Structure formats: C-alpha cells, structure tokens
Amino acid sequence: MSYHNPQTPPRKSATFDDHTLAEIRRAAATGIYDIRGGGTKRKVPHFDDLLFLGASISRYPLEGYREKCETSVVLGTRFAKKPIELKIPITIAGMSFGALSGNAKEALGRGATLAGTSTTTGDGGMTDEERGHSEKLVYQYLPSRYGMNPKDLCRADAIEIVVGQGAKPGGGGMLLGQKISDRVAEMRTLPKGIDQRSACRHPDWTGPDDLEIKILELREITDWEKPIYVKVGGARPYYDTALAVKAGADVVVLDGMQGGTAATQDVFIEHVGMPTLACIRPAVQALQDLGLHRKVQLVISGGIRSGADVAKALALGADAVSIGTAALVAIGDNDPKWEEEYRQLGTTAGAYDDWHEGKDPAGITTQDPELAARLDPVLAGRRLANYLKVMTLEAQTIARACGKNRLHNLEPEDLCALTMEAAAMAQVPLAGTSWYPGKGGF
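Just so we're aligned: 1482 in this note's numbering is position 166 of the sequence shown, and the numbers increase by one with no gaps anywhere.
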C-alpha cells in the first residue's frame, strides 16, 4: 500500500509535459500535423552561451569616442564583376511577398537602404515596390521557381540559390490558400485561394555537379556581374559549404535551426537541423581547408538578435549575418499594442506564429488589405533602420573593448564559453580554462 502526502503537489512527467499531452490530444482529434511559422522554440546552445574577453593589461582597448571601428563588408568578391558593398555586416534575410504583405516588404527595403545594407526577395518573385525601395536587393532562386524570370535576375544586385533553410533543411515551404491573393497568384502562376507547397529540391539537378552547371547558367544570364550566393540549412555545414564553394559560389549563406519560416510542420522546426552556433566553425573550417576563407564570404543566419550576436558570429569566422524574425519584430510584428486581437486568435503577443493563416493584426504576415494597411512602410522602415543602427553600435562597442578597430578583426581568441556544449560547438575555451571538448588537455 502506497501513501501520498496530500501536502505534496502531484508531479508531472518531464517527458509527457503539458504541451506534449495537448499535442497528442490535438493529433488524435484531427489527424492533421501541426503547421506553424517562426523558428524552434526549444532551448539550444546559442550565442548567449559565449562571452567576450575584453581588454585589460594583456590587451589594449580602443577609445570609443576617438578611434574608429570599421563595419563595412564586401560580398561576392570571388568571381562577380559587381560585388555588393555594404556599410554594415547585417543583411535582411529572404522573406517572400506572399508570406509577408506588400507594405512589410516595402518597409524591409526602406530600412535596409537607410542602414546601407541589402534585403532579399524570398520565394515568389520580385515586386516593383521592393525593387524600388531596396538600394541593394538579393534575388532568391528557389526550388519552386515561383515568379522567376531572366528580367528580374538581371534587375537584382545578387542572386541567392536556396538549397535549404534552417527551420526545415530538406523540406519545402507552404503558403496556404487564404494568402494566395490575385496578385500573389499571378506572380507565382498559381490558382487563387489554393494551398501551395513548394518543392524541397530543385527540379533540374540532383547533386553538386548540377549545381555548378546552374551557377554557370545564372552567370551567363547576368553577364557575370551579379554575385551568386548559395544558401543551405544547417545540417552538414562542412560538406555543404565545401560543395557550394567547389560549385562556384561567391558567398555561402548558412542558416541554423533558430531561423524562422513562414510555415512548415512543427516537427520539422523542432527536430531537424542543427543550432546556429554548431554550424559556424565547421563551415569556416571548410573554407580554410580550401584556402578560401574571407575570399568566399560566409553569411550566418538563424536567431541573430543583437549586436553581441553579430560580434560573436564574426569572431567565429563569419563575414556577415542575416536577420529575419528580428527584422519583423523591429517593424512591428508581435507588438503588444495588438494584444487584444492576438488573444482573439488564441495566442499572445510574442508567441504568435500562425503566420500562414494570414490574420496578423500587425499587418505584416498577411494578404488581407485592411490588415496590411495598418503597417506604415515609411515609419516601419525607419524603425528597422534604427534597430540596425543599434545592433551595429553594440557590435562596435564590443570590438573596441577587445582592442579591434574593425569588426572583422574579432577572432575566436576573444571568446570563452559558459557551457561544455557551447565550448565544443564554438571551439573556444570553457571559461576559466584553456580547453574545450575535443582539444585534449587542460
């Protein structure tokens, strides 16, 4: 006979927690897997698990108000006749017109231009508004080929071949019918109001040899002017980076599992891919082994939120970073001022990820004209530019504290790790030691 003390609260299972139980019940009731947007919600090792070692006696800091700290970067220097010159090493990731409203895409272009950086089209093609308000625009070339045409390839400043995405490496995207308006349908050559699922792989290649042929084809179309990026999801970063480089890429974009998506299966977002922190060093190693580190640029994305994240990514060997979710928050997504309407949708500000439903009160992840009109693209663009400015200033502050007059002079030696996992992934010493897992010896 067992005895339970009534003063002791019942203990719930760590394996079958409330969320897991609710998901089992939902699946049993509907027979449909859960679809959502955003990135992973589980806690994984990230940039917060790293700290910078500022200068003291053994290092000489720079005076913030007297000594410059350079932030510019050039992407596409390997083969392109016209590489992209950016004032800051923070770019805006690809988010499609379709997933986002026209006003949101315009705001991203305006903000990026004010900050002196680039934005990216995403799936579904290029709009005239986006091109008109983006001084530097990267054109994504995806497996779906939605909206793709040679005219827009030539109008772009760079082309990004998307092989994979961090939230769903190996999987295609989704755009439900309620977001396929007349204009979206026309751009993508799709029927209005019908659910669309993008392909998970390009239709005209089966491996890296075919990727090389495709890159050459795009170079011929654009007269070798435009840098060619290759974007991969964080899964096998060493080999994917090496193969992209051997296929002729000017830039490799590497997206970790904290990267968001407009819509895919929740099981994909939470259980496929690797943390961004785990992706950087293998990719850098691949570039170093090929003798092309800093010659082929590496752009890191997936969960970048602050200037500290930017500085840490660059210290680990990246040339630039790309932001998506953070940019949407900056222009007004998940704003608490819409809390009442978020609650009516069964969620709350800061947790809203049902972007595929097209009911975003902030007017960002929607094609509803009335909702989209809530977003002022001019004001939202200024907000994004302010956010990018703050991120840049934060990164400069850290670099100066480490004695560096250029963000790209930051290096792994400037970092230590707070956890064994972060030390192993970033290959920087565990705080208080000169060792990280795999190095051997203390």
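Using N, Cα and C, we set each Cβ at its ideal position, and we do this for glycine too. Just so it is clear, the structure is predicted and the values come from calculations on it, not from any experiment.
### Message
Rounding to the nearest angstrom, what Cα-Cα distance links K1705 and I1340 in this structure?
### Response
44 Å
### Task
Entirely within the stretch 1536-1614 and at least 4 residues each: give me those alpha helix (DSSP H) ranges in chain order.
1553-1562, 1582-1587 and 1592-1605
### Length of the line joining the Cα atoms of A1483 and Y1376
40 Å
### Residues bridged to Q1743 [DSSP beta-bridge criterion]
According to DSSP, Q1743 bridges with nothing at all.
### Task
Kindly provide the ranges of any alpha helix (DSSP H) runs that are 4 or more residues long and lie completely inside the stretch 1646-1713, ordered along the chain.
1655-1660 and 1685-1688
### Task
Per DSSP, which residues does E1476 bridge with? Please list them.
Q1456 and Y1545
### Message
If we define contact as Cβ-Cβ less than 8 Å, is L1731 a contact residue for chain D?
### Response
Among the chains of the structure shown, chain D does not appear; only one protein chain is present.
### Message
Based on DSSP bridge pairs, tell me the residues matched to G1438.
### Response
Paired residue(s): none; G1438 is not in a bridge.
### Task
Taking all protein chains shown into account, decide if K1467 is buried (16 or more other Cβ within 10 angstroms of its Cβ) or exposed.
exposed
### Task
Please confirm whether I1639 and A1629 have their CB atoms less than 8 Å apart.
no
### Task
Kindly give me the distance between the Cβ atoms of D1633 and L1614, rounded to whole angstroms, as I take these residues to be in contact under 8 Å.
In the sequence on display, residue 1633 carries Gly and not Asp. Right, the Cβ-Cβ distance comes to about 7 Å (below 8 Å), so this counts as a contact.
### Message
Need the endpoints of the beta strand (DSSP E) that I1268 sits in, please.
### Response
The displayed coordinates of the chain run from 1317 to 1758. Any statement about residue 1268 would go beyond what the structure contains.
### Query
For the candidate residues I1616, L1731, E1737 and M1442, whose alpha-carbon lies nearest to that of A1631?
L1731
#### Entry: Rounded C-alpha distance that separates T1580 from R1552
21 Å
### Task
Could you have a look at F1332 and say whether DSSP puts it in helix, strand or coil?
coil
### Task
Pick helix, strand or coil for R1341, following the three-state DSSP scheme.
helix
### Task
Keeping to the same chain, check which residues put their C-beta closer than 7 Å to that of V1417; ignore five residues upstream and five downstream.
Looking at the sequence itself, residue 1417 is Ser, so the reference to Val does not match. Same-chain partners within the cutoff: G1679, I1680, T1682, Q1683, A1688 and L1691.
### Task
Figure out for me which residue from E1727, P1728, Q1712 and E1729 has the closest Cα to the Cα of N1721.
Q1712
### Task
Output the distance between the C-alpha atoms of N1419 and Q1323, rounded to the nearest integer angstrom.
56 Å
#### Entry: Beta-bridge partners of A1636, as assigned by DSSP
V1615
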